[in-house]
Every structure is written in C-alpha cells, then in structure tokens.
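A short write-up of the structure that comes next.
There are 2 protein chains.
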Amino acid sequence: MHFEVLSTDIISRARRGRLTTAHGVIETPVFMPVGTQGTVKATTPSELLEVGAQVILGNTYHLFLRPGLEVIQHCGGLHKFMGWDRPILTDSGGFQVFSLSKLRRITEEGVHFNSHIDGAPCFLSPELSMQVQQTLGSDIVMAFDECPPYPSEYEYTATSLERTLRWAYRCRAWGEKRRNGTHPLLFAIVQGGIYHDLREKSARELVSLDFDGYAVGGVSVGEPEPEMMRAIDNSEPFLPQDKPRYAMGLGTPPQLVEMVARGIDMFDCVLPTRLARNGTAFTATGTMNLKNATYRTDLRPIEEGCSCSTCRSFARAYIRHLVKAEEILGLRLITIHNLHFYLNLTKQIRAALEAGTFARFREHFVANYVRYEPQVSERESEVEP
Amino acid sequence: MHFEVLSTDIISRARRGRLTTAHGVIETPVFMPVGTQGTVKATTPSELLEVGAQVILGNTYHLFLRPGLEVIQHCGGLHKFMGWDRPILTDSGGFQVFSLSKLRRITEEGVHFNSHIDGAPCFLSPELSMQVQQTLGSDIVMAFDECPPYPSEYEYTATSLERTLRWAYRCRAWGEKRRNGTHPLLFAIVQGGIYHDLREKSARELVSLDFDGYAVGGVSVGEPEPEMMRAIDNSEPFLPQDKPRYAMGLGTPPQLVEMVARGIDMFDCVLPTRLARNGTAFTATGTMNLKNATYRTDLRPIEEGCSCSTCRSFARAYIRHLVKAEEILGLRLITIHNLHFYLNLTKQIRAALEAGTFARFREHFVANYVRYEPQVSERESEVEP
Numbered sequence: 001m002h003f004e005v006l007s008t009d010i011i012s013r014a015r016r017g018r019l020t021t022a023h024g025v026i027e028t029p030v031f032m033p034v035g036t037q038g039t040v041k042a043t044t045p046s047e048l049l050e051v052g053a054q055v056i057l058g059n060t061y062h063l064f065l066r067p068g069l070e071v072i073q074h075c076g077g078l079h080k081f082m083g084w085d086r087p088i089l090t091d092s093g094g095f096q097v098f099s100l101s102k103l104r105r106i107t108e109e110g111v112h113f114n115s116h117i118d119g120a121p122c123f124l125s126p127e128l129s130m131q132v133q134q135t136l137g138s139d140i141v142m143a144f145d146e147c148p149p150y151p152s153e154y155e156y157t158a159t160s161l162e163r164t165l166r167w168a169y170r171c172r173a174w175g176e177k178r179r180n181g182t183h184p185l186l187f188a189i190v191q192g193g194i195y196h197d198l199r200e201k202s203a204r205e206l207v208s209l210d211f212d213g214y215a216v217g218g219v220s221v222g223e224p225e226p227e228m229m230r231a232i233d234n235s236e237p238f239l240p241q242d243k244p245r246y247a248m249g250l251g252t253p254p255q256l257v258e259m260v261a262r263g264i265d266m267f268d269c270v271l272p273t274r275l276a277r278n279g280t281a282f283t284a285t286g287t288m289n290l291k292n293a294t295y296r297t298d299l300r301p302i303e304e305g306c307s308c309s310t311c312r313s314f315a316r317a318y319i320r321h322l323v324k325a326e327e328i329l330g331l332r333l334i335t336i337h338n339l340h341f342y343l344n345l346t347k348q349i350r351a352a353l354e355a356g357t358f359a360r361f362r363e364h365f366v367a368n369y370v371r372y373e374p375q376v377s378e379r380e381s382e383v384e385p
Numbered sequence: 386m387h388f389e390v391l392s393t394d395i396i397s398r399a400r401r402g403r404l405t406t407a408h409g410v411i412e413t414p415v416f417m418p419v420g421t422q423g424t425v426k427a428t429t430p431s432e433l434l435e436v437g438a439q440v441i442l443g444n445t446y447h448l449f450l451r452p453g454l455e456v457i458q459h460c461g462g463l464h465k466f467m468g469w470d471r472p473i474l475t476d477s478g479g480f481q482v483f484s485l486s487k488l489r490r491i492t493e494e495g496v497h498f499n500s501h502i503d504g505a506p507c508f509l510s511p512e513l514s515m516q517v518q519q520t521l522g523s524d525i526v527m528a529f530d531e532c533p534p535y536p537s538e539y540e541y542t543a544t545s546l547e548r549t550l551r552w553a554y555r556c557r558a559w560g561e562k563r564r565n566g567t568h569p570l571l572f573a574i575v576q577g578g579i580y581h582d583l584r585e586k587s588a589r590e591l592v593s594l595d596f597d598g599y600a601v602g603g604v605s606v607g608e609p610e611p612e613m614m615r616a617i618d619n620s621e622p623f624l625p626q627d628k629p630r631y632a633m634g635l636g637t638p639p640q641l642v643e644m645v646a647r648g649i650d651m652f653d654c655v656l657p658t659r660l661a662r663n664g665t666a667f668t669a670t671g672t673m674n675l676k677n678a679t680y681r682t683d684l685r686p687i688e689e690g691c692s693c694s695t696c697r698s699f700a701r702a703y704i705r706h707l708v709k710a711e712e713i714l715g716l717r718l719i720t721i722h723n724l725h726f727y728l729n730l731t732k733q734i735r736a737a738l739e740a741g742t743f744a745r746f747r748e749h750f751v752a753n754y755v756r757y758e759p760q761v762s763e764r765e766s767e768v769e770p
C-alpha cells in the first residue's frame, strides 16, 4: 500500500497519514510549494529543503510549452533538470489549458489550444497528458480533466463532467498499459462544480476505477469560502479512507486547517509565493503588508519566535525598505518566510494530530487568524516572474 | 598605518597589499560588490561571504533618499540594517547627483538637485556628504566631488576640478574635526577628465592634503579602454606608494588585470550583477549569453571547474530555461557565479603577486579573454531591480 493512515482525529475527519512515492515518503497533511516553471519562484532547491518542503508541484502545461519535453528528457527528467531529488507532483495541464491559453476547441479526443507564449497551436489529450507527466518523471500524476469556470450552469457542468469521467477512464487505461518500473501514482480529480449530486456522481465513478488518490478540483482561492468548504463536503464522504485526498490550488492558512478537519491530506497553493512578491507576509495572526509605513523603523522580525532564516536575520524595517525599493532580496526574504509559515503550519497540524490535540489547535488557530480574502483567483495560472 | 604594501611586482606597478578598517582587514587587490540600495542586488549577506566578498560598496545618494538616514540610524547603521558585519565603502553621492537626479544648481556651497524617486528638492554639500556617510557607519568614506560628463571641454573640466579640490579640502577639514573613535578612512577622488595636466594637478593637490586613500574618478565602463587606462596612467604616478588606490566603477575582467598592473588596489563595478540580470555570465574566455539557443540542452555548468554554488549544482540548459522564462532564480544563479568570478579573479591576482607570477598570469588571462565592450555606462546609476 502506498498510503497509510497513521491515526484519525476523534472529533473531525482529519487524518495523519504517510504517502510513499518513488522519490521518498511524504508525511500528511502536507503542503506542496508550487514550482510552475521548474522552480518554486525565487527559491533554490536547498532553500526548499531548509523550509521543510517534502514534495513540490510542477505544472505540466508550462513545462510542456517551455522548455519543452525534449529538453527535460535530455536533462534526465524534471528532478535532475531542476536539482530536486524529493517527490514531485505534476498537474495534468487541464486547468491551465482552460484558464491561460487561448482555447480553440474541446473534442472528445482532447483539447486544441494556442500557447500563451507564442500563440502556437497545441493539443493535449488524456493520453498525451499522461505521457508528458511520465516523461517529466513525476511521482504523482494527475488525470487530465476539464475544469469549467466558476460558477457554471448545471447542464454544462454535467456534460463536462461526463467527458472528464471518460477522460479519467482513458488516463487509467493508459496508466495500466504504460507505467513500468518507475510506477508513478495516478490521482483522479473530482469535479461537479457547486452541485452536490454531480460531486457525488463524479467521486463515486472515479472511485470505482480505483485510482491511487483523489483530488477535489474546480475550486479556487478566489471563491467564497462557504462554496469551497461545500465542494469538499460534497466530495469527501464518497472517497475511500485508505487513499490520499488532495484539495487543488487551495487555500489560506485557516482554510487549510478547516480542510484538514474535513479529511483533506494534501494542498498546493501559490498564495505564499505570490503574495511574497507583492510584499505580503503570513503570520499566525493574519497577513502583513510590509509596504506599510508602520514598519518603517520596526526592528522586530516579520514574526516573533519564527525560526525561518529571514526572521533569524532581518528586521521588518529592512525588508520594508527592500520591498519599497523593489529589490529582489525583499521578495526572496518574504518568500522564504511564507513558505516556512505554510510548511510549519502543516507540521504543527501533524503534531497536533499525533498528540490528539487537533480540535484545540484548530479552534485556537482559526480564532487568532484575521481572515484574508484575496480578490482574484490565486490558483497557479501566472506566467510573470 | 592602515595600509601596508606586502609586496610589489618586479615588472609592472602591481602591488599586493592589506587595508585595515574598523570592520576588518581587506586583502588587496580587491573587488567590491556594489550594494546600491543596502543590498547587493539579488543576494544575501551570507551568499556574499560564500563567494568571498571582503568589502562591499553602499551608495550614499540612494540610501540618503531611501530609506533615509533616520531609518538607518534607528536600525544601528548600515551594517546592522542590512546584516553585513564586514567593511563597507560608501561613495559620496556626487556621481549619482550628477548622473541620476534632475540637477538644479551647483554652487560653491554644494549641489541643489531633485530626487529621482519623487522629485523632492534636495541638497548635498561636502560636509553633508561626510555627515551622511558617517551616519551610515561607513568604514571608508569618499570625498564629495563633482563628476563632469565624459568628454568635457578643458575649461569646464579645469573649473570643476578647482571646485572639487576646494570641496575635498572641506571634507578633510570636516573629517579632522568630527571623526571620533569609529574613525572611518577618508579617500579623495582624482578628477581631471582626459587632460593629463589636470589629472596631475588634481592628484598632487589632493596628496598634499594627506588622505587615507585615493580614487581615480570620472571614468566609466562605457568609455573607450585606452581613455580608461590613460586616466589611470595620468593619475597613478602622483599618488603615494603607501596609500591604497581605487578605480571607481571599473571594469571588465581584463581591464581589472590591466589596472592592477598599473598600480590600482581596489575596484567596484556593477557589471557582474547587472549583466547577470540580463542573462550574461562571465567566464575566463569571455562573456556568455545564456539566452543563446546553443545552451538549450547543454548539461555543462556555466564554467567547467568553477567552484561556485551555481556551477556545482546547475546546468546551462536549466539556467537558460530560467532566464528565458524570466524566473528570478535564473538571475540569482548567474549573479552568484559572476560575483564569484570577479572575486576569484582578484584572489588569483593576489596569489600570482605572492608567487611572483603576475606577469605570466596577466598575459595569459588577457590573451584568453574575448573582450566585452558594453555599449552604455555601466557605473552604478540604476534604480530598477
């Protein structure tokens, strides 16, 4: 078995688990930093290890377009290319095809689109997405899905879902036939939008195909939080206990805690890296905009007691100066702090689950955190540095 | 004595020296990375130590305008503010006032100008420049000078030089009166443009005032190399043997070697950091533009045999991808390599001087290097990250 539930919470649906991949073991609940273009923005692999990253995410769509498979294959796969020898999860490219590129046509076979880089016509299908992810050398491969915009009409969502289920079946079949000794894990994605019957249908049918894990898709950070939690609540009960569950592209720190309580094991989100580049840091009491004049002569670290390399060495006043002066070091220092914050949060969650104190941790954390509501979709669809 | 000449070359005017400052000893010839806004662009202080930086440069003009003296003073000086406890040399602000700001008026008293950030009216004088540099906590303070554009008419250059000499005298007087236990070293700047008689006059008069070191100013990387060397040759013979000589804002790697041979001990230049942000790396055989398609699948490091952290971990193919995708990690990795290259070059020069093999080193290095001629002035006048 590649996934083991080590313990479960008495009060909530939270689980402490362990996922084994070709490049090592992942302790769950886990947060996965987003490495869209073969780099978690502004960081080195050794910095990722230092902040406690166990697994990172690579974006199939971006890497497929640039540098292209030929380059990555020549360099020995994504791990060797970027110098990261721990697990990598790759998405299927579906989300970015629908959100980033100029979409040309969806057919039963796959999706015709134009590259966002140079407009070149491209094509992705379930089989091609599997092949690309296998060539990248991914440890956890995601099934190719259609990701309808939020909110979508019932009828469109239902039709799209049917096609995504047929695509999932093709991904499963491709995986069965092709995967060899390297044996990546294959996860399917529950869709169905805001409709509970479609979520249930999606989950049940995917589970009948017996994937290695299940993601909840079609929700992004920009959506109202009740919708986000409802999508989880409408999907999770139909997923098997002995497989990992992954909430794609989510969320804020308290949302992570709430989703863990709803039985989610894995997360990825661009918030810590993207907000860092905007001068915003995460703390246990909420986000902090370091451009604020309040910090002009503030000698304290971003977060007192924080053990990250930024907080051990630099004061808010200095980081504020760097951000105001648009110096790269400013966003570097906040990126490190933010990733450490997210990774440390999941570490604390794991410790609380082990100690049987998760309910208290959850209540305390969520109460202390001043909620941050991003205005736009924060799921990884960016191309700018 | 704060400066000691340990040995001199038999053939050229090159010297191996040692400069003692309040924050430690500097082995010369030395290259000083440029930290314009309180950070050597894209690097942390610990990375600077790792690449072998002994001393860095801070720009008085930039720091005076942003974050301003009050902030840096509150934070305990520039060393503490930026987390660098080795020597810092600060320029006087003169060069940037004349190149970056909207100049309003030069008077005998000082210079009225408008901030390049917000247009606010500002004033700098010899005494104010001294005071600002002392407040920053600089270890090596530069006298406030007027830096006429290249080329300037004889008459203008002569008039400007007279004023710069009177300003140097005022800096000297201010230093005598005010400098206390912290005792920064005070360097004067030889001006005189392309006119050998003015260079001689400038050097002789400054030497009569007995500064702690002498810079050759008014030359920038964009100028024809013969002019650059002529400015050194027209100034150096009139400078005392027992004081350090500093070529401000210069130059390419072979130019550094040639200036060492002409008796220069100290250098600063934005080329390694600025070209890195443009995707260009330095090697012993010349510059390498990593955007070039040649490197698409090149598994070699930037420079084979290089011991920097970039070359130890990353291939050209990966760095090229990062540069093409405009990822911050790309410019970070090249910045580290380029700084290491410049610092390692001066280390090799010092070793050659110690071993008595400098003539051979010089000949070999200059012959192997394919000259790079930047098209525009590369002296630190940038504000963009």
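Sequence order for the protein chains is A and B. So the first sequence is numbered by this note's numbering: it starts at 1 and just counts up by one. So the second sequence is numbered by this note's numbering: it starts at 386 and just counts up by one. Idealized CB from N, CA, C, for every residue including glycine.
For the C-beta of B/Met467, the chain A residues within less than 7 Å are, from N- to C-terminus, Tyr318. Taking the C-beta atoms as reference points, B/Leu583 is found no nearer than 8 Å to B/Tyr554. Around the beta carbon of A/Asn234, 16 or more other beta carbons lie within 10 angstroms, which makes this residue buried.
For B/Val436, no chain A residue has a Cβ inside 8 Å of its Cβ, as the nearest lies near 14 Å away. Using a Cβ distance threshold of 8 Å, B/Ser484 and B/Phe743 do not count as a contacting pair. Taking a contact as a CB-CB distance under 8 Å, the pair B/Leu521 and B/Leu450 does not count as one, their CB atoms being some 13 Å apart. When the beta-carbon positions are compared, B/Glu531 and B/Gly479 come within less than 8 Å of each other.
By the rule that beta-carbons nearer than 8 Å mark a contact, A/Gln37 touches chain B. For B/Phe699, the chain A residues whose Cβ falls inside 8 Å of its Cβ are Gly83, in order along the chain.
When Cβ-Cβ separations below 8 Å define contact, B/Leu724 makes no contact with chain A.
Less than 8 Å separates the beta-carbon of A/Leu239 from that of A/Ala203. At least one CB atom of chain A sits nearer than 8 Å to the CB of B/Ile713.
Within its own chain, the residues whose Cβ lies closer than 7 Å to the Cβ of B/Val755, once the five positions on either side in sequence are excluded, are Thr670 and Gly671, listed in chain order. With a cut-off of 8 Å on Cβ pairs, the segment 405–418 of chain B is in contact with the segment 645–665 of chain B, counting three or more such pairs. Three or more beta-carbon pairs separated by less than 8 Å link the segment 710–730 of chain B to the segment 656–669 of chain B, which places the two stretches in contact. B/Ala600 has B/Ile574 and B/Tyr631 as its beta-bridge partners, per DSSP.
Taking 8 Å as the CB threshold, A/His116 stays off the interface with chain B. Interface annotation, A/Val71: in contact with chain B, CB-CB separation under 8 Å.
DSSP places A/Val97 in the uninterrupted alpha helix (DSSP H) bounded by Gly94 to Ser99. According to DSSP, residue pairing for B/Leu474 in a beta bridge involves B/Leu442 and B/Ile525. Per DSSP, reduced to three states, the secondary structure at B/Glu389 is strand. Against B/Arg681, the close residues of chain A are Pro67 and Val71, in the order they occur along the chain (beta-carbon pairs closer than 8 Å).
Per DSSP, reduced to three states, the secondary structure at A/Asn338 is helical. Bridge pairing for A/Cys122: A/Phe113 [DSSP]. CA-CA distance, B/Gln640 to B/Val751, rounds to 9 Å. Between B/Lys676 and chain A, the shortest Cβ-Cβ separation is not below 8 Å. Interface residue (Cβ-Cβ distance to chain B less than 8 Å): A/His112 is not classified as such.
Secondary structure note for A/Ala281: it is in no alpha helix (DSSP H), and the uninterrupted beta strand (DSSP E) holding it is Thr280 to Thr283. Under the Cβ criterion (8 Å, minimum of three pairs), the segment 467–479 of chain B counts as touching the segment 429–448 of chain B. B/Ile579 and B/Met633 do not touch by the CB rule: their CB atoms are close to 16 Å apart, not below 8 Å.
At a Cβ-Cβ threshold of 8 Å, B/Gly423 and B/His725 do not count as neighbours. Here DSSP, grouped into helix, strand and coil, assigns A/Gly17 to strand. One thing to note: B/Arg681 has its Cβ within 8 Å of the Cβ of A/Val71. The Cβ atoms of B/Lys628 and B/Asp597 sit closer than 8 Å to each other. Taken in chain order, the complete alpha helix (DSSP H) segments of 4 or more residues contained in the segment 700–750 of chain B are 701–709 and 713–740.
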